[in-house]
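**Student:**
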Amino acid sequence: MMTRMDAADVINRFRRAGALLEGHFRLTSGLHSSGYLQCALVLQHPREAEALGVALAALVRALAPQAVLSPALGGIVIGQEVGRALGVRALFAERQDGQLTLRRGFALAPGEKVVIVEDVVTTGGSTRETIDVARAAGAEVVAAAAIIDRSGGDQRLDVPFHRLAAVSVPTYPPASCPLCLAGQPVVKPGSRM
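Numbered by our numbering, the letters in the sequence shown go through residues 4 to 196 in order.
Here is the structure:
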């Protein structure tokens, strides 16, 4: 299994899966965009999910994480694959009453080294929330990682951040979105409604 993967290979995997979408999208962050990367279309293929997980694991292995924590829903599959590649458990946080939390009997031990794993990072909001969940449990967050970084380098994370590919697709606040102003209907393709 390939452990190093360059950005071009990642993007080609998305193209082959039909996961590079064009239109008018409302992102999880609330921003609007003319492009969307639908990771689920790539991750539905076990070999692709495994390859991406192995490649992300290679980026954080030296940090010796003891667990992987991902936000539900988008981070679950890739988090599981990174956990498998590292040989550690993979947990996910999910929303309860609008707040991200550990449920289903999941727990992190005080001092446990954790890496936060996402599919896509745009503003870093879900990643920061997941970091807060881990820290509230007393865990030590050693890094965050994502398949795709759409942030333009502005994730505003206070831990090292690793990604397989950076993708630059313009985003707009809804009030100044040129697609909205042109009357183009907006679609919400992501995992959080």
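Glycine residues also receive a C-beta, built at the ideal position from the N, C-alpha and C atoms.
Quick one: complete beta strand (DSSP E) runs, 3+ long, within the stretch 102 to 155?
**Tutor:** Listed in chain order, they are 102 to 105, 116 to 124 and 143 to 152.
**Student:** Between Asp157 and Arg138, what straight-line distance do the alpha-carbon atoms span, to the nearest angstrom?
**Tutor:** C-alpha separation (whole angstroms): 22 Å.
**Student:** With a CB to CB cut of under 7 Å and the five nearest residues on each side skipped, what residues in its chain are close to Gly86?
**Tutor:** Val71, Arg92 and Ala93, listed in sequence order.
**Student:** Counting only the same chain and skipping the five closest in sequence on each side, list residues whose C-beta sits under 6 Å from that of Arg7.
**Tutor:** If we look at Arg7 and ignore the five residues flanking it on each side, it has no Cβ neighbours.
**Student:** Nearest to Ala54 by CA position, among Tyr175, Gln69 and Arg16, is which residue?
**Tutor:** Measuring from the Cα of Ala54, the nearest candidate turns out to be Arg16.
**Student:** Out of Ala88, His27, Ala22 and Ser36, which has the shortest C-alpha to C-alpha gap to Ser154?
**Tutor:** Residue Ser36 is the option with its Cα nearest to Ser154.
**Student:** Does the stretch 172 to 181 come close enough to the stretch 28 to 47 that 3 or more CB-CB pairs lie under 8 Å?
**Tutor:** At 8 Å Cβ cutoff, the stretches touch.
**Student:** Using a Cβ-Cβ cutoff of less than 7 Å, which residues in the same chain neighbour Cys180 once the five nearest sequence positions on both sides are dropped?
**Tutor:** Excluding sequence neighbours, Cys180 sits near His35.
**Student:** According to DSSP, simplified to helix, strand and coil, what is Ser73?
**Tutor:** Looking at Ser73 - three-state DSSP - the assignment turns out to be strand.
**Student:** Looking at the unbroken beta strand (DSSP E) that takes in Gln99, where does it start and where does it end?
**Tutor:** Unbroken beta strand (DSSP E) run through Gln99: Arg92 to Gln99.
**Student:** Cα separation between Val190 and Thr126?
**Tutor:** Going by the C-alpha atoms only, they are around 19 Å apart.
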